[in-house]
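Sequential numbering from 8 applies to the sequence shown in the working numbering. Below you'll find the structure, written out as structure tokens, and then a few comments.
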Amino acid sequence: MRLVLLGAPGSGKGTQAEVLKAELGVPHISTGDLLRAAVKAGSPLGLKAKAVMEAGQLVSDDIVLAMLEERLAKPDAAAGFILDGYPRNVAQCEALEALLERIGQPLEIALKLDVPSELIVERIAGRAAAQGRKDDTPETVRERLRVYAEQTEPVAGHFAQIGKLKIVDGVGELAEVSRRIIAALPAQCRNARVNA
Ligand code: AMP
Numbered sequence: 008m009r010l011v012l013l014g015a016p017g018s019g020k021g022t023q024a025e026v027l028k029a030e031l032g033v034p035h036i037s038t039g040d041l042l043r044a045a046v047k048a049g050s051p052l053g054l055k056a057k058a059v060m061e062a063g064q065l066v067s068d069d070i071v072l073a074m075l076e077e078r079l080a081k082p083d084a085a086a087g088f089i090l091d092g093y094p095r096n097v098a099q100c101e102a103l104e105a106l107l108e109r110i111g112q113p114l115e116i117a118l119k120l121d122v123p124s125e126l127i128v129e130r131i132a133g134r135a136a137a138q139g140r141k142d143d144t145p146e147t148v149r150e151r152l153r154v155y156a157e158q159t160e161p162v163a164g165h166f167a168q169i170g171k172l173k174i175v176d177g178v179g180e181l182a183e184v185s186r187r188i189i190a191a192l193p194a195q196c197r198n199a200r201v202n203a
């Protein structure tokens, strides 16, 4: 199963990806998590990324692509992956397609979690209280939502154009949204977990 999860910050991508990884038997690869780990480790890459992330902007395409390529080369990704937080702009879409073609792992589906923006703001406020993420402050959240609308929304259009986009209603109980996602997956992917 090779899946990209799309959706605004706070749409529930990360939470759903954690549920799906168990269901589908493939790793959840979040570029946000990879970057936060690099920041925490204080690596040169992390030092570069920190200020950009705290401002709610996008880390440079080259850095994120290199990190993703390294992660996809790990053995657990040979069976597939759930990609969360990548691609974030159209250039990353093209880079992803080229990378996946090179490693012989073409994408099967991009699934977008649809959540109205009023609910997004409410959810991020809840997450800020629970997790204390540095980029969940009101100003940074506003900037992340602006960057999402400007740069990431067109990514869904790109996947729609190549016939790989599914949109799932992301409002509701966690388990209900998971059920909707699984129902939207191509049949061979749903069967993969049964046959595994
Ligand atoms: P996320 O956890 O996906 O919300 O990502 C948190 C932050 O990490 C974003 O606001 C960006 O600063 C950075 N980030 C994550 N993924 C990417 C990406 N694909 N391209 C550029 N920056 C990213």
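Glycine included, each C-beta is placed from N, C-alpha and C at the ideal position. This one's a predicted model, so the numbers in the text were calculated from it and none came from an experiment.
Beta carbon of residue i, beta carbon of residue j: below 8 angstroms?
i: residue 121; j: residue 63; result: no
i: residue 96; j: residue 148; result: no
i: residue 27; j: residue 188; result: yes
i: residue 92; j: residue 18; result: no
i: residue 10; j: residue 118; result: yes
i: residue 178; j: residue 126; result: yes
i: residue 70; j: residue 54; result: no
i: residue 34; j: residue 68; result: no
i: residue 29; j: residue 89; result: no
i: residue 175; j: residue 191; result: yes
i: residue 116; j: residue 173; result: yes
For residue i, list the residues DSSP reports as bridge partners.
i: residue 12; result: 91, 118
i: residue 36; result: 90
Return yes when at least one heavy atom of the ligand AMP lies under 7 angstroms from the C-beta of residue i, else no.
i: residue 144; result: no
i: residue 66; result: yes
i: residue 42; result: yes
i: residue 63; result: yes
i: residue 22; result: no
i: residue 124; result: no
i: residue 59; result: yes
i: residue 92; result: yes
i: residue 177; result: no
i: residue 71; result: yes
i: residue 153; result: no
i: residue 99; result: yes
Q | alpha helix (DSSP H) runs contained entirely in the segment 113-188, provided each spans 4 or more residues | A | DSSP runs (the alpha helix (DSSP H)) wholly in the segment 113-188: 124-138, 145-154, 160-168.
Q. Between the segment 65-85 and the segment 104-111, do three or more beta carbon pairs fall short of 8 angstroms?
A. The way I'd put it, the segment 65-85 does touch the segment 104-111; three or more beta-carbon pairs between them come closer than 8 angstroms.
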